[in-house]
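J.: Shown below is the structure under consideration.
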Amino acid sequence: MVIKSFVSDKESGNVRFACSGSIISKRVVLTAAHCGLAKPEGYKLSTVVVGEYDASRSPDCSEFFCAPPTQAIKVENVIVHPGYEKKIFRHDIALVVLKEEIRYSVTAAPVCLNDRTEIVINERATLVGWGKLSGQSSMVSRQQLLDVPLVTLETCERIFGDSVPVHEGQLCAGGEEGRDACAGFGGAPLLLNRDGQYFQVGIVSFGSEKCGSDGVPSVYTNVAHYHRWIVENSPS
Numbered sequence: 067m068v069i070k071s072f073v074s075d076k077e078s079g080n081v082r083f084a085c086s087g088s089i090i091s092k093r094v095v096l097t098a099a100h101c102g103l104a105k106p107e108g109y110k111l112s113t114v115v116v117g118e119y120d121a122s123r124s125p126d127c128s129e130f131f132c133a134p135p136t137q138a139i140k141v142e143n144v145i146v147h148p149g150y151e152k153k154i155f156r157h158d159i160a161l162v163v164l165k166e167e168i169r170y171s172v173t174a175a176p177v178c179l180n181d182r183t184e185i186v187i188n189e190r191a192t193l194v195g196w197g198k199l200s201g202q203s204s205m206v207s208r209q210q211l212l213d214v215p216l217v218t219l220e221t222c223e224r225i226f227g228d229s230v231p232v233h234e235g236q237l238c239a240g241g242e243e244g245r246d247a248c249a250g251f252g253g254a255p256l257l258l259n260r261d262g263q264y265f266q267v268g269i270v271s272f273g274s275e276k277c278g279s280d281g282v283p284s285v286y287t288n289v290a291h292y293h294r295w296i297v298e299n300s301p302s
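So the sequence shown is numbered by the numbering used here: it starts at 67 and just counts up by one.
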């Protein structure tokens, strides 16, 4: 369900990890626009890796189960929301179209997209991706999960409003001391469990330099707000 994306240097071809994203169909990955446009200067989004849990192990096995091999698939093109504004993360959403279809498996399957506009404050959501959580000194090789509470948009407006305006196309979540995604989680999905089925409600957009501080949540792109755009712009 959750993928890793990589960028390559336009001149040297060197590859590095960029962001996370989520599978929404066999050829489309949902991520943040700031990921789709490849943040490092001189790099372009080139490849996604599907079905990985722990990059330090190949094959990826536990005591009782070995996951299917990962799939590295080249990017065909990136569809960025036309209203995206880099400096203020407005409309921070993009669709990554792949050159080949993903082979669905137990470790590679599409996520359901939330289309409900109402948000239940204090309901706990799960963030899934690769990167560094608060309290960790460096990036880790395995996929990480973190439960965070949904909070009011006004909370983020109060914290970020002077420098980055917060608007209705975003969600606010987190704010518990020592519990936040601090680096590498850009584009990662925020999920809600509804009767045993997970729905993606958010996409990691931006946060504070005071990552993991009490009362300082992070900002996510609101999937329900962009549901129609996602459907209308996803290749069939």
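Glycine is no exception: its CB is placed at the ideal position from the N, C-alpha and C atoms.
Computed from a predicted structure; not experimentally measured.
Report the residue from S128, R260, L103 and E220 whose alpha carbon sits nearest the alpha carbon of G253.
T.: Ranking the options by Cα distance to G253, first place goes to L103.
J.: What span of residues does the alpha helix (DSSP H) with I154 cover, start to end?
T.: Careful: I154 lies outside any alpha helix (DSSP H) and carries neither H nor E.
J.: Is S88 near V68, with beta carbons less than 8 Å apart?
T.: yes
J.: Can you list, in chain order, the residues of its chain whose CB lies under 7 Å from that of P301, leaving out five sequence neighbours each side?
T.: R93, V94 and V163
J.: Take Q199 as the anchor and find which of T173, L219 and C277 has the nearest alpha-carbon.
T.: A quick correction: the sequence has Leu, not Gln, at residue 199. By alpha-carbon distance to L199, the top candidate from T173, L219 and C277 is C277.
J.: Pull up the distance between the alpha-carbon of A174 and that of E184, whole angstroms please.
T.: Each residue's Cα considered, the two are about 29 Å apart.
J.: At the level of alpha carbons, what is the spacing between K165 and Q137?
T.: 12 Å
J.: Count the other C-beta atoms from every protein chain shown that fall within 10 angstroms of the C-beta of I187, then say buried if there are 16 or more, exposed otherwise.
T.: Exposed: under 16 other Cβ atoms inside 10 Å.
J.: With a Cβ-Cβ cutoff of 8 Å, do H147 and A99 count as a contact?
T.: Remark: C-beta atoms of H147 and A99 approach each other more closely than 8 Å.
J.: Do you know offhand how far T221's Cα is from D158's?
T.: 19 Å
J.: Spatial neighbours of W295 within its chain, please: C-beta separation below 7 Å, excluding the five flanking residues on both sides.
T.: H147
J.: I'd like the span of the beta strand (DSSP E) that includes E223, first residue to last.
T.: Note, E223: premise wrong, no beta strand (DSSP E); alpha helix (DSSP H) at L219 to F226.
J.: Looking only at its chain, what residues have a beta carbon closer than 7 Å to the beta carbon of P231, apart from the 5 residues adjacent to it on each side?
T.: I154
J.: What are the boundary residues of the beta strand (DSSP E) that includes G268?
T.: Q263 to F272
J.: Per DSSP, I145 forms a beta bridge with which residues?
T.: Note: I145 is bridge-paired with L161 in the DSSP secondary-structure output.
J.: How many Å lie between L212 and C132 at the Cα?
T.: 24 Å
J.: How big is the Cα-Cα spacing for V144 and G244?
T.: 34 Å
J.: Does the beta-carbon of G235 have 16 or more other beta-carbons within 10 angstroms, so that it is buried, or is it exposed?
T.: G235 should be labelled buried.
J.: Looking at the secondary structure, which residues open and close the beta strand (DSSP E) in which G195 lies?
T.: R190 to G195
J.: For Y292, I'd like the list of residues in its chain whose CB is within less than 6 Å of its CB, leaving aside the five on either flank, ordered along the chain.
T.: I159
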